[in-house]
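In the UniProt record's numbering, the protein residues as written are 1 to 317.
Cβ coordinates follow ideal geometry from the N, Cα and C atoms, glycine included.
Since the model is a prediction, treat every value here as computed from it, not as a measurement.
Below you'll find the structure, written out as structure tokens, and then a few comments.
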DNA sequence: CACACGTGGGC
DNA sequence: TGCCCAAGTGT
């Protein structure tokens, strides 16, 4: 099995909040383009974002490059080998540090991710709210003595496998399961109430006009701010309004010739926002917009939102 | 501590 | 549709 820390690191970061099936092609492509820590440290941001386009949580790849630079400059190009040292790197928190330390270097630490929280909350009936950061210490203390001292990496991966197979969030243990006799919550019928998790984020509705402005075969784009949501990505110019109904009149006030291109909104969900976007064509050419041909645009990193807007525009034509 | 930060899939 | 889930970290 591949235990190369650079490889484990990339896969663990990609797998944060992301399904295995989604990650595989990204992983192969990333490793081919940037095979070493040094290559990652020296890569252009546009190359990084292009390799990550569509994966989401784009700060992950920016932090990976920061960490690669840290490894080259502060660690002489040698990958840190303990969970404690790994956690000093950008984008590496307690979970990823433990995963790399146990898998690549054999350190005996539990890699506490969503799966491990769920598996042990059920097996041991741990009532702590996993949405509370303070609960991590309690789980860590309970699980540490259980980690296989000889094969900690295999232990961590096995627990995660258990969490994605027999002990998925909505899967109940069957009485013939070999795990039934270890599973306290199964024995008293409370399994699906674990893990205890309080947090619920609501998605705030947002309304935008996406401006379609064309001149000599090129369309208008804007680069998003360098911090915040979809930082530095290129999208059609976006104007925000308070409601869906306010969009068309609002755009018309600035651009009297505005033409509404979409009847129903292009919708896009983020973790905490729900966007509804109307495509609006205008004749005016604004200096603040950057006009790019399709060829020039295609080499830039694109978000899934922008791909949806492009697809909707193409359907109009 | 609470919240920002993407995307895709299941029901 | 709306809500939950999926290999978290930074601020």
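Across the set 164, 14, 151, 76, the C-alpha of 14 shows the shortest separation from the C-alpha of residue 48. In this structure, 284 is the residue among 224, 228, 284, 229 with its C-alpha nearest to the C-alpha of residue 251. If you compare the alpha carbons of 147, 296, 71, 33 with that of residue 88, the shortest gap goes to 71. For the 8 Å CB-CB criterion, residue 205 and residue 137 do not form a contact. Rounded to whole angstroms, the Cβ separation of residue 10 and residue 31 is 7 Å, and the two are in contact under 8 Å. The beta-carbon distance between residue 212 and residue 292, rounded to whole angstroms, is 13 Å. This is too long to meet the 8 Å contact definition.
The C-beta separation of residue 64 from residue 91 comes to about 6 Å, placing the pair in contact by the 8 Å criterion. Its chain contains 98, 116, 140, 143, 144, 147, 156 as the residues whose beta carbon lies nearer than 7 Å to that of residue 110, once the 5 sequence neighbours on both sides are disregarded; these appear in chain order. If you ignore the 5 residues before and after residue 217, its C-beta comes within less than 7 Å of the C-beta of 293, all in its own chain and listed in chain order. In the pairwise beta carbon analysis, the segment 252 to 263 is classified as not touching the segment 192 to 202: fewer than three pairs are separated by under 8 Å.
Annotation: the segment 192 to 246 contains no complete segment of the alpha helix (DSSP H) (minimum length 4 residues). The three-state reading of DSSP puts residue 260 in strand, counting E and B together.
Assignment of residue 26 by DSSP, reduced to helix, strand and coil, places it in the helix class. Bridge pairing for residue 284: absent [DSSP]. One thing to note: residue 167 has its Cβ within 8 Å of the Cβ of residue 118. Note on residue 159: 16 or more other CB atoms within 10 angstroms of its CB, so buried under the neighbour-count rule. The residue from 286, 68, 81 with its alpha-carbon nearest to that of residue 215 is 286. Residue 122 and residue 26 have their C-alpha atoms spaced approximately 33 Å apart. Scanning the segment 107 to 150 for uninterrupted beta strand (DSSP E) segments of 3 residues or longer gives nothing; none is fully contained. Residue pairing from DSSP places residue 278 in a beta bridge opposite 209.
Comparing C-alpha distances from residue 235 to each of 41, 208, 269 shows the shortest one belongs to 208. Note: residue 273 is bridge-paired with 204 in the DSSP secondary-structure output. Closest by C-alpha distance to residue 57, out of 183, 230, 243, 306, is 230. Exposed is the label assigned to residue 73, since fewer than 16 other Cβ atoms lie within 10 Å of its Cβ.
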